[in-house]
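Protein chains in written order, with the numbering used here: chain A, 1 to 148; chain B, 149 to 316.
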């Protein structure tokens with residue numbers, strides 16, 4: 001039967017012996033060898049940092065390129081398939097249309113015959129309301145571009 | 149101080165003692181210690197992510213020692229030669245531990261009994277008593293569960309206690 005603390009005594013007795021010291025010069029030899037490996041290692045801290053920066057640049061360029069491509073594709077689609085593209089444009093917010101209406105009404109748009117423009121715009125809005133579809137602000141601007 | 153120097157300050161001497169325990173005193177332990185630090189040098193960045201660096205470096209040392217032994221034995225021809233090298237394979241506390249004083253007869257008995265332990269118990273006792281690793285760290289270093297490491301250590305120390313009692 002074990003008495004309490006007996007195992008600890010064996011452990012302590014063994015532990016009291018201590019370890020043999022390492023031979024002199026081993027530290028320097030070991031660190032020199034490891035340092036040489038470190039210097040020629042494929043991934044030094046500097047290279048790792050450079051790699052991270054390069055990765056970030058590539059990712060940013062890739063995302064930017066995707067965004068530009070998407071915008072260009074949108075423009076091309078709008079040119080080639082105006083009806084379909086217009087359907088994909090977000091519905092106009094009344095808050096966007098009201099300043100435009102006020103602008104046209106006040107005659108500060110630079111459009112000759114602002115009254116005529118306002119009339120066309122009003123008719124357009126009415127026809128769209130009748131079709132339960134509100135035109136997009138961008139579409140209205142496109143329509144007004146021709147009134148000069 | 150570089151990261152490698154810091155690693156050596158913390159673990160160099162202890163790893164050397166462990167390698168002497170595994171491979172015997174002499175050039176082999178020193179060569180393998182260099183291999184261990186060369187391997188760690190390639191992973192200095194990754195070391196920051198290691199949860200338990202002490203268990204990790206002992207695991208690396210253990211793997212390197214095993215690799216060295218496989219290489220060494222592989223080079224030797226014949227079963228006879230292999231069996232004559234088994235003393236190296238089993239490890240020796242006496243090789244790594246300071247000699248007891250002439251008056252320490254009990255310690256001499258303990259050391260002899262410790263060297264007669266099965267390899268896995270001897271290694272667990274060595275890592276616990278001389279290297280100060282926890283059971284979890286011993287488990288991580290040896291690739292075994294912490295409970296198994298604790299059992300091996302307990303059985304080993306129990307055998308040592310019995311050997312000491314029989315001597316008395």
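We put the CB at the ideal spot given by N, CA and C, even for glycine.
All figures in this text were calculated on a predicted structure; none of them were measured in a lab.
Among the residues of the region 8-20 of chain A, those with a Cβ less than 7 angstroms away from any Cβ of chain B are 10, 11, 13, 14, 15, 17, 18, 19, 20, in the order of the chain. Cβ neighbours of residue 244/B within its own chain (closer than 6 angstroms, five residues either side excluded): 165, 168, 169. The Cβ of residue 278/B sits closer than 8 angstroms to at least one Cβ of chain A. The continuous alpha helix (DSSP H) containing residue 299/B extends over residues 294-315. Neighbours of residue 38/A in chain B, taken as residues at a C-beta separation under 8 angstroms, are given in chain order as 152, 189, 190, 192. Using a 10 angstroms sphere on the CB of residue 267/B, the tally of other CB atoms stays under 16, which defines it as exposed. Per DSSP, reduced to three states, the secondary structure at residue 245/B is strand. The region 196-206 of chain B makes contact with the region 284-291 of chain B: 3 or more CB pairs, one atom from each, lie closer than 8 angstroms. Around the CB of residue 162/B, 16 or more other CB atoms lie within 10 Å, so the residue is classed as buried. In the structure shown, residue 152/B falls within a helical segment according to DSSP collapsed to helix, strand and coil. Of all alpha-carbon atoms in 257/B, 191/B, 220/B, 270/B, the one lying nearest the alpha-carbon of residue 299/B is that of 270/B. Looking at the DSSP output, residue 19/A shares a beta bridge with 245/B.
Take the alpha-carbon of residue 189/B and the one of residue 159/B: they are about 14 angstroms apart.
For the set 302/B, 177/B, 293/B, the Cα lying nearest the Cα of residue 209/B is the one of 177/B. Residue ranges of uninterrupted beta strand (DSSP E) with 3 or more members are absent from the region 24-58 of chain A; none lies entirely inside it.
Going by C-alpha positions, residue 25/A is about 11 angstroms away from residue 32/A. Scanning its chain for C-beta atoms nearer than 8 angstroms, with the 5 sequence neighbours on each side dropped, one finds around residue 281/B the residues 202, 203, 206, 275, 289, in chain order.
Taking 8 angstroms as the CB threshold, residue 208/B stays off the interface with chain A.
A straight-line Cα-Cα distance of about 10 angstroms links residue 70/A and residue 76/A. DSSP places residue 170/B in the uninterrupted alpha helix (DSSP H) bounded by 161-171. Under the Cβ distance rule, residue 290/B does not count among the residues neighbouring chain A, no pair being separated by less than 8 angstroms. For residue 183/B, same chain residues with a beta-carbon under 7 angstroms away, outside a window of 5 residues either side, are 212 in chain order. In the displayed model, residue 280/B falls within coil according to three-state DSSP, outside both helix and strand.
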